[in-house]
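Student: Sequence lines, in order, name chains A and B. For the first sequence, the numbering used here assigns the number 4 to the initial residue and increments by one for each residue that follows. For the second sequence, the numbering used here assigns the number 370 to the initial residue and increments by one for each residue that follows. Yeah, the Cβ is synthetic: ideal placement off N, Cα and C, and Gly gets one too. All of these numbers come straight from a predicted model, not from anything done at the bench.
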Amino acid sequence: MLLQQFINFLQLGSIYALAAISFSMVYGIAGLVNFAHGSVFTIAMYLLFYASTLLFKITSATWGVFVLSLMIASLGTSIVAILMERIAYKPLRNAPPISVVVSSVGVGMLLEYLALNLAGSKAKRMPNLIPDITIDIAGTTIPLFKIMIIVIAFIAMIILSLLVRKTQLGVAMRAVSQDKTAAAFMGIDSNRVITYSFIFGAVLATIAAGLYGSAYSIFAYNVGDTINWWSFIAAVLGGIGSIEGAVLGGFILGGINVIAPMVLPVSSYKDIVAFGVLIFVLLIKPTGLLGKNAAEKV
Amino acid sequence: MITKRKNHLLGDVIPVIIIAAILIVLKEFKLISTSRLLILQYIGLYSIFVLGINMVNGYLGIFSLAHAGFMASGAYAAAISSKYFFKESWMFPLILLFGGLIAMLIGLIMSIPSFKAKGDYLAIITLGFSLIVQSFLQNWRFVGASKGINNVAKFTNIYWVYGCLLFAIIIVRKFINSKYGRSLKAIREDQVASELVSVDVKRAKTIAFAVSAFLIGISGALLVHLLGYTSPSAYGYTNIVDGLVMVYLGGMGSITGSIVGATLWQILIQTLKNLGTWRWVVGGGLLCVIMIFLTNGIFGNKELSDAIHAIRKYFSRSKTNKTISEETTK
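(1) Quick one: what does DSSP say Lys671 (chain B) is sitting in, helix, strand or coil?
(2) Rounded C-beta distance between Phe283 (chain A) and Ser217 (chain A)? I'm assuming under 8 Å.
(3) Compare the C-beta of Val226 (chain A) against all C-beta atoms of chain B and say whether one is closer than 9 Å.
(4) Short of 8 Å in beta carbon distance, which residues of its chain neighbour Val108 (chain A), apart from the five on each side in sequence? Order them along the chain.
(5) Rounded to the nearest angstrom, how far is the Cβ of Ala447 (chain B) from that of Phe467 (chain B), given a contact under 8 Å?
(6) Return the CA-CA distance between Ser450 (chain B) and Ile464 (chain B), expressed in angstroms with no decimal places.
(7) At the level of alpha carbons, what is the spacing between Ala590 (chain B) and Asn519 (chain B)?
(8) Look up Ser127 (chain A) in the DSSP assignment and give the residues it is bridged to.
(9) Identify, in the order they occur along the chain, each residue of the same chain with its Cβ nearer than 8 Å to the Cβ of Ile32 (chain A), setting aside the five sequence neighbours on each side.
(10) Show which residues of chain A have a CB atom less than 7 Å away from the CB atom of Ala435 (chain B).
(11) So, does the region 618 to 629 of chain B touch the region 515 to 530 of chain B, judging by three or more C-beta pairs under 8 Å?
(12) What is the C-beta distance between Ile246 (chain A) and Phe44 (chain A), in whole angstroms, given that I count them as a contact (C-beta under 8 Å)?
(13) Buried or exposed: where does Phe9 (chain A) fall if 16 or more other Cβ atoms within 10 Å of its Cβ makes it buried?
(14) In whole angstroms, what is the alpha-carbon distance linking Val475 (chain B) and Ser600 (chain B)?
(15) Less than 9 Å between the beta carbons of Val104 (chain A) and Leu496 (chain B), yes or no?
(16) I want to verify the contact list: residues of chain E whose CB lies under 9 Å from the CB of Tyr453 (chain B), in sequence order.
(17) Any idea which residues DSSP pairs Thr56 (chain A) with across the strands?
(18) Do Thr137 (chain A) and Gln7 (chain A) have their beta-carbon atoms positioned less than 9 Å apart in this structure?
(19) Hey, could you find the ends of the beta strand (DSSP E) Ile145 (chain A) is sitting in?
(20) For Asp139 (chain A), list the residues DSSP reports as bridge partners.
(21) Run through DSSP, which three-state label would Met370 (chain B) get?
(22) Hey, would you say Ala84 (chain A) sits closer than 9 Å to Ala205 (chain A), going by beta carbons?
(23) If you reduce the DSSP assignment to three classes, tell me which class Thr599 (chain B) lands in.
(24) Go through its chain and collect everything with a Cβ distance to Met370 (chain B)'s Cβ below 6 Å, but skip five positions before and after it.
(25) Helix, strand or coil for Ile133 (chain A) per DSSP?
(26) Distance check for Arg128 (chain A) and Gln14 (chain A), CA to CA, integer angstroms please.
(27) Taking the alpha carbon of Phe203 (chain A) as the point to measure from, which residue in A:Leu214, A:Leu58, A:Leu163 has its own alpha carbon closest?
(28) Would DSSP call Ile518 (chain B) helix, strand or coil?
(29) Assuming contact is defined by CB atoms lying nearer than 9 Å, are Ser234 (chain A) and Ala22 (chain A) in contact in what I supplied?
(30) With a cut-off of 8 Å on the beta carbons, I'd call Met424 (chain B) and Val593 (chain B) a contact; round off their distance for me.
(31) Could you check if Gly190 (chain A) is buried or exposed, using at least 16 other CB atoms within 10 Å of its CB as the buried criterion?
(32) For Pro100 (chain A) versus Gly34 (chain A), is the C-beta distance shorter than 9 Å?
(33) Compile a chain-ordered list of the residues in the region 59 to 88 of chain A whose CB is closer than 8 Å to at least one CB of chain B.
(34) Which same chain residues, not among the five before or five after Gly248 (chain A), have their C-beta less than 7 Å away from its C-beta?
(35) Kindly indicate which three-state DSSP category Val301 (chain A) falls into: helix, strand or coil?
(36) Using a Cβ cut-off of 9 Å (strictly closer), state whether Asn665 (chain B) contacts chain A.
Structure, rendered in structure tokens:
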């Protein structure tokens, strides 16, 4: 029982963490609260759904379908993210930050309702993307997909942190996130770096969508809304622009989501607890758990 | 740019009076269908809502998402008061005042986090507040939990809506031209510098949040008594986004902009109704296009009275130019 809850916590936490990193990529590097990110997640869900249903008609190799449909969906969401950046955000690079936020709200609304109109309002059921096997650990049966979700999420996070730390692109990304002007002096093309951050964000969101779809197979057009809020909250809770912070925030939210319903009489109070924790943390440390306290410039 | 605007109170009020006269003629002589009349009422009450949001998001320059929470508290407080205490229609002002005051109390509390937290972090705190209010209402049996309150008396009519709008415009106008109003703009431009010239930042923020919540609360009270029912689902994500869209569409820190933003967005939403869910696709795309081409909203931080002033100045200048040029040709 306890082990099962612990696995549930790890599963939910790693999905949130991955979604929060994908949100934080754009947030940290382009300095933009991208309200359209939830819609990218929604589009990833639908692309995964259609791709895997089609592929299952041809073959029954589950892992092959999983990897292939993830690739197709990543390609699709990357194209959407690039177009979004080019059309809606790039003309506003020097505008006040708030107009970019409003523009992203518009894009988010457009994409979400486009998905609704094209795919219908009926809830869809994602096919099983991970083989339906259960395994025994110390007397409790645990479905394989839960463990695979945790493993895949961790692999994705490790690859991402290697990319950001070791490669030239990663160094450029960190430079742009710290200071755009100084990065430009060092010969870094910040526009290109920002485009890459949008692509990374889209691919990570697609992986998160694949894991989410394996965990809770039923979804509708508004699946991205909640994910958007939760990943925004996780990113801020951990500290804006910090990958470790996003992971920490994701796991804290996952923990609250698993523990609160066990302790509280009404399960829907868990939102209140989550926001209560968030507000409490921000009142004590206004830049998030792992965020750096920026010195005030006068 | 923090200049004391000349108090063209009359200049702002005259258009409202003209509009009111038109409304009376339209309604009493039945020149307008009931559905159109309903849209007019939506425009009026959302203008109040947007004026309230503009106090904090526009004049104070804080990215706050607390408006859904304020509107919910105002709406619920008013609905409860009209169901249990103020049952007669002549008590409607009391109901509105009660809704506004409860929202104002909550606004006073919500101003505390803004003393320390900044930017996106403050946005998250205010978002959290809005969603906590919604979640709380969803679980509170007394107010009908997720079903909400039904059979609220429909006291709102077009005169009440536009009366309240006039009242809201006067409040905002007076406030913005007062000492506190100017200190709000000073904080928006540079908080540290304004502290150095002895602006009481905490007090200014508290008052701004209180006035903002009061206006939003009144608009919520009007909405409940217009529709006759309310439920927690109306004060979630869509309400937050709606508010933001109307404020930034019209222009931050402009009374005229607030009203224009609310009017355009409500007309757009209502006229696109026969497009079904496609209207949100069109609306979202339009919003994006407007932001790209009119980055600061339609009015920016300008007012209609500024435009009149500018036109007058332009004509008088061109006249003097002409006389000068005539003199030089001689």
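Tutor: Per the coordinate set shown:
(1) coil
(2) In fact, because the Cβ distance is near 33 Å, the residues do not count as touching under 8 Å.
(3) no
(4) Phe38, Ala39
(5) 6 Å
(6) 6 Å
(7) 14 Å
(8) In the sequence as presented, Ser is not what sits at residue 127 (chain A); that position holds Lys. DSSP output for Lys127 (chain A) lists A:Phe222 as bridge partner(s).
(9) Excluding sequence neighbours, Ile32 (chain A) sits near Met176, Val179, Ser180, Val196, Ile197, Ser200, Gly244.
(10) What Ala435 (chain B) touches in chain A: nothing, since even the nearest Cβ is about 12 Å away.
(11) They do not touch, by the three-pair rule.
(12) Incorrect: roughly 18 Å between the Cβ atoms, too far for contact.
(13) exposed
(14) Strictly speaking, residue 475 (chain B) in this sequence is Ile, with Val absent from that position. Going from the Cα of Ile475 (chain B) to the Cα of Ser600 (chain B) covers about 19 Å.
(15) no
(16) Among the protein chains in the structure shown, which are A and B, there is no chain E.
(17) DSSP lists no partner for Thr56 (chain A).
(18) no
(19) Note, Ile145 (chain A): beta strand (DSSP E), 143 to 146.
(20) A:Thr144
(21) Reliability fails at Met370 (chain B), whose pLDDT of 45 lies under 50, so the model's placement of it is uncertain and the value that follows must be treated cautiously. Correct three-state label for Met370 (chain B): coil.
(22) yes
(23) Thr599 (chain B) sits in a strand when the DSSP states are folded into three classes.
(24) Confidence at Met370 (chain B) is low in this model, with a pLDDT of 45, below 50, so its placement is unreliable and the value that follows should be read with caution. Once the five neighbours on either side are set aside, Met370 (chain B) has no close Cβ partner at all.
(25) Coil, per DSSP.
(26) 20 Å
(27) A:Leu163
(28) In the structure shown, Ile518 (chain B) sits in a strand (DSSP, three-state: E or B).
(29) yes
(30) With 8 Å as the limit, Met424 (chain B) and Val593 (chain B) do not qualify as a contact, their Cβ atoms being about 22 Å apart.
(31) Its Cβ having fewer than 16 others within 10 Å, Gly190 (chain A) is exposed.
(32) In contact: Pro100 (chain A) and Gly34 (chain A) (Cβ atoms closer than 9 Å).
(33) none
(34) Gly241, Gly242, Gly291, Leu292, Leu293, Gly294
(35) Because Val301 (chain A) carries a pLDDT of 49, less than 50, the predicted location of this residue cannot be relied on, and the following value inherits that uncertainty. In the structure shown, Val301 (chain A) sits in coil (DSSP, three-state: anything other than H, G, I, E or B).
(36) Output row for Asn665 (chain B): interface = yes.
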